[in-house]
Amino acid sequence: MARLRPPERLVILADLQVGMTGAEEERVRMDADQHMGELYPFSLNQKLERITESSPWYSQADVSPWGRPIIPLEMVSVLAEYSSKQAAFPVRQPVIGLFADQEIRMIDGPLLVGEDYLIRREVVALSESKRTESYWVRSRIYSADGSQLKAEMLLNHATLKHSYADYPQA
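Numbering (my numbering), first residue to last: 2 to 171.
And the structure:
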């Protein structure tokens, strides 16, 4: 992110600003049989049937050092994006978006299956390329009462310029 140039002119993301926070704190959890929304129409148990690097810690409380199953690292992003629409970041629509880059960091993890968490989001960068406008969101995952930071995810949301009908031709 340190090498990003400031965008010259944003259209799709014109209403976003670095430092903007989500509209509300989001309450989330991942239960073993819970479907995780439109982006991830499967449950943790369904994912575990196909996961390539499985661990009994993901499903067996009696084996896990934490006494409860843990959320696999590859499912932390699923948990973090589950309620992302609640952030209500003002991205002009309709537009096709992609996840262009992602970093996940455990602070006081792992995250536990069936545990309640609170997510706070912030836009931390804006940029553009020839074909995209991008915004980076840092999602911080806290304990249910919001007092203890457990993990965070940095996600680059890239929007395709040509997918926005009113995008000015250069």
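Built from N, CA and C at the ideal position, the CB exists for glycine as well.
Note that the structure is predicted; figures quoted are calculated from it, not measured.
Reduced DSSP secondary structure (H/G/I, E/B, other) of residue i
{"i": "residue 158", "result": "strand"}
{"i": "residue 139", "result": "strand"}
{"i": "residue 144", "result": "strand"}
{"i": "residue 26", "result": "coil"}
{"i": "residue 168", "result": "coil"}
{"i": "residue 41", "result": "coil"}
{"i": "residue 152", "result": "strand"}
Residue environment, residue i, which counts as buried when at least 16 other CB atoms sit within 10 Å
{"i": "residue 42", "result": "exposed"}
{"i": "residue 162", "result": "buried"}
{"i": "residue 111", "result": "buried"}
{"i": "residue 73", "result": "buried"}
{"i": "residue 107", "result": "exposed"}
{"i": "residue 39", "result": "exposed"}
{"i": "residue 89", "result": "exposed"}
{"i": "residue 158", "result": "buried"}
{"i": "residue 23", "result": "buried"}
{"i": "residue 133", "result": "buried"}
{"i": "residue 29", "result": "buried"}
{"i": "residue 152", "result": "buried"}
{"i": "residue 77", "result": "buried"}
Beta strand (DSSP E) segment containing residue i, residue limits
{"i": "residue 101", "result": "98–107"}
{"i": "residue 130", "result": "Unbroken run through residue 130: none, as it is neither H nor E."}
Residue i - containing alpha helix (DSSP H), residue span
{"i": "residue 78", "result": "74–82"}
{"i": "residue 50", "result": "45–51"}
Expected contact under 8 Å - CB spacing of residue i and residue j to nearest Å
{"i": "residue 17", "j": "residue 124", "result": "6 Å"}
{"i": "residue 60", "j": "residue 49", "result": "6 Å"}
{"i": "residue 119", "j": "residue 27", "result": "7 Å"}
Beta carbon proximity, residue i to chain B, threshold 8 Å
{"i": "residue 150", "result": "In the structure shown, chain B cannot be found, because there is only a single protein chain."}
(request) Determine contact between the segment 131–151 and the segment 79–95, defined as no fewer than three beta-carbon pairs at a distance below 8 Å. (result) yes
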